[in-house]
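The structure appears right after this line, and notes come after that.
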Amino acid sequence: MELPVKFLEMLAEAVGPQRAERIATAICETPPVLSIRINPFKWREDGVVDSVVSGCYGDCDSAAAADGAGFPARIPWCHDGIYLATRPVFTLDPALHAGAYYVQEPSSMIIELLKPFLEEMSLNLRLLDLCAAPGGKSTHLASIMPQGSKLVANEVIRPRAAILRENIARWGLPNVVVTSMDPSQFVPRGYGFNFILVDAPCSGEGMFRKDPDSVKEWSPESVQLCASRQQRIVADIWPALEPGGLLAYSTCTMNRLENEENVAWIVESMGAERVRFDSSILSQLQSHGVIVTPQGELRLHPGLVKGEGLFFALLRKPADSLPQEELPQKSAERRFSNSGVNDFKSGNQKISGSGPNSYKNERSVQKFAQNGKSQKNNFHQQNSPAQNLQPEHEMALSTTFSGEWPSVDVTKEQALTYLSKGTLNLPDAPLGYLRITYGGLGLGFVKNIGSRANNLLPPSLRIRMQF
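Residue numbers (this note's numbering): 62 to 528.
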């Protein structure tokens, strides 16, 4: 791989010539680091879940050594992150489809550092992951947000939003809503958030090692274009952040223009305050190769850390900022109803009982959909066996599933048959709707009619790989 000269110059400007050389060498000469983040609400450390990743744990440096929990290679900045030494066939692992873990590169798991900040704020936060697809950071936020909090996972590009919805459903946690809105649409609809993550679309320099073809698409002009777009995104969403709220800004690129210079722009233009991480945490991160800038931002780079390129900064909106309701709005924007928004703020749309992303109140669903262009298949009423209605697929994956339908645990071969949309024979199981599980983890539903069990897996989720 040959890296653009201008990219190397900009990299040296950002991190210094010696570090830049190490990073460039790692990009060109070393393979990407492979890792997963386990779902703490589903993963079974007692070994009941038979996952293909169990035999793939990777080696780690002394600082990331085994911590006694049975995992020999934890990622140092994420308790649930695990390095893998070899790449298994993830598609043929039922545990993946059940949401027991998420395949994610290590640097992106720096989101874990937000946990103490969120815990200090409230037990009932409203969070927004603005550029959320494919869902790695959203599932991470859902795992660490305080009790009673609600997360909106948003993706403006509709096909990517569908992928996001699938990954959120697999993770199985309640109180997560998937929407597909432009950042400019949140404020007119009256949304207010205590925390916003802007994992901004960028020039992707941090992914060069994982995607060598992306090098061909890079140019100084694309960097400038991305930096301008990132500013527009932050400017559009900033009014939706409530006074005293936090905004995390991240990219998977390395140049200063999209990173430090954009953070400086947010501070100057939006009046944001920089938030520094605890000095002891920063020291630990530095011992693992993370660069801490003079302003307290974090840089992770291949060749310096065991991960890909990522920039991360945390900002706060001053508590004395102009309240959202006093911000000027165009008269045309005032016509949007805030009814669904008020439900979201008050908790009337609390998601519970049947599964992730499921509302108890259909009226609330309609209100939210009207205001927020929600992914309609991501919301469903809480069906019950007494209604004799086909259960929604997401219910089977939910961590809040409480036995509304009988569960039947299957072998790995049966699980793969189910995931390939094949027919199962369950002669000893009850008739009617059944929840299919693997190692106790839900995969989906069937309707057992005796001679066969009709497969109710959504066709879009069917695996096509031979096994």
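The beta carbon of each residue, even a glycine, is placed where N, CA and C say it ideally should be.
Counterpart residues of residue i in DSSP-defined beta bridges
i, result
"asparagine 516", "Val507"
"proline 363", "Val366"
"serine 311", "Asp260, Phe373"
"serine 468", "Arg496"
"glycine 142", "Arg98"
"tyrosine 163", "Arg98"
"leucine 502", "Tyr499"
"arginine 335", "Leu376"
"leucine 175", "For leucine 175, which the question treats as bridged, DSSP gives no partner whatsoever."
"isoleucine 352", "Arg360"
"arginine 135", "Ile143"
"leucine 302", "Phe254"
"leucine 487", "The partner list for leucine 487 (beta bridge, DSSP) is empty, contrary to what the question assumes."
Whether residue i touches residue j by CB criterion (9 Å)
i, j, result
"isoleucine 294", "valine 248", "no"
"arginine 317", "glutamate 82", "no"
"serine 199", "valine 237", "yes"
"leucine 174", "isoleucine 352", "no"
"leucine 458", "glycine 251", "no"
"isoleucine 172", "cysteine 139", "yes"
"arginine 231", "glycine 160", "yes"
"arginine 191", "valine 276", "Note that residue 191 corresponds to leucine in the displayed sequence, not to arginine. Not closer than 9 Å, so no."
"serine 241", "arginine 219", "yes"
"histidine 454", "isoleucine 84", "no"
"leucine 371", "serine 169", "yes"
"proline 65", "tryptophan 279", "yes"
"valine 507", "leucine 517", "yes"
"proline 379", "glutamate 334", "yes"
"leucine 308", "isoleucine 327", "yes"
"glycine 29", "threonine 147", "In the structure displayed, the chain extends from 62 to 528; residue 29 sits before or after that span and is not available."
"phenylalanine 254", "leucine 179", "no"
Residue i versus residue j - alpha carbon distance
i, j, result
"methionine 456", "proline 355", "47 Å"
"serine 344", "phenylalanine 373", "16 Å"
"leucine 359", "lysine 103", "30 Å"
"phenylalanine 256", "valine 469", "40 Å"
"histidine 158", "serine 382", "44 Å"
"cysteine 121", "leucine 95", "Any reading at cysteine 121 must be qualified, since the residue scores a pLDDT of 48, below 50, and its modelled position is unreliable; the value itself is stated next. Those two C-alpha atoms are separated by around 12 Å."
"arginine 337", "serine 112", "38 Å"
"isoleucine 412", "proline 235", "Summary for isoleucine 412: the model assigns pLDDT 31, below 50, so the residue's position carries little reliability; its value from the coordinates is reported in the next sentence. Rounded to whole angstroms, isoleucine 412 to proline 235 spans 6 Å at the Cα level."
"alanine 193", "alanine 261", "9 Å"
"threonine 91", "serine 463", "47 Å"
"glycine 142", "alanine 134", "8 Å"
"threonine 312", "alanine 514", "46 Å"
"serine 348", "lysine 367", "12 Å"
"glutamate 227", "methionine 315", "30 Å"
"arginine 556", "glutamate 181", "There is no way to answer for residue 556, as the model of the chain reaches only from 62 to 528."
"alanine 222", "leucine 212", "15 Å"
"glutamine 451", "glycine 493", "10 Å"
"arginine 80", "valine 324", "22 Å"
"leucine 495", "lysine 473", "17 Å"
"valine 471", "asparagine 486", "11 Å"
"tyrosine 499", "glycine 306", "41 Å"
"proline 137", "leucine 502", "27 Å"
Span of the alpha helix (DSSP H) around residue i
i, result
"alanine 214", "Careful: alanine 214 lies outside any alpha helix (DSSP H), inside the beta strand (DSSP E) at 211 to 215."
"tyrosine 284", "Checking the displayed sequence, the identity of residue 284 turns out to be valine instead of tyrosine. First-last of the alpha helix (DSSP H) with valine 284: 281 to 298."
"leucine 477", "473 to 480"
"phenylalanine 68", "66 to 76"
"glutamate 532", "What the structure shows of the chain is the stretch from 62 to 528, and residue 532 is not part of that stretch, so it cannot be assessed."
"isoleucine 205", "197 to 205"
"glutamate 278", "275 to 278"
"glutamate 455", "454 to 458"
"proline 155", "155 to 158"
Residue span of the beta strand (DSSP E) that contains residue i, given as start and end
i, result
"aspartate 190", "187 to 190"
"tyrosine 252", "Premise fails: tyrosine 252 is in no beta strand (DSSP E) and is neither H nor E."
"arginine 525", "Element bounds for arginine 525: n/a, residue is neither H nor E."
"lysine 240", "With the sequence shown as reference, residue 240 is identified as threonine, and lysine is not the correct amino acid for it. Unbroken beta strand (DSSP E) run through threonine 240: 237 to 240."
Cutoff 7 Å; reference residue i; Cβ partners in own chain excluding five residues on either side
i, result
"valine 164", "Ile97, Phe151"
"leucine 477", "Leu153, Pro155, Phe528"
"alanine 126", "For alanine 126, the predicted structure reports a pLDDT of 37, less than 50, and the residue's modelled location is therefore unreliable. The matter cannot be settled from this model."
"proline 149", "Val113, Val114, Cys117"
Same chain only: Cβ atoms within 6 Å of residue i, ignoring 5 sequence neighbours per side
i, result
"aspartate 530", "Lying before the first or after the last residue shown, residue 530 is absent from the chain, which here runs from 62 to 528."
"proline 78", "none"
"isoleucine 524", "Thr152, Leu480, Ser481"
"glutamine 208", "Leu184"
"methionine 62", "Cys89, Pro273"
"proline 491", "Pro467"
Own chain, CB closer than 8 Å to residue i, minus 5 neighbours either side, in chain order
i, result
"proline 488", "Gly511"
"glycine 483", "Asn516"
Residue i: CB within 8 Å of a non-hydrogen atom of the ligand MN
i, result
"asparagine 515", "Of ligands this structure carries none, so the ligand MN is not represented either."
Interface flag, residue i vs chain B, CB-CB below 9 Å
i, result
"arginine 221", "The structure shown contains no chain B; it is built from a single protein chain."
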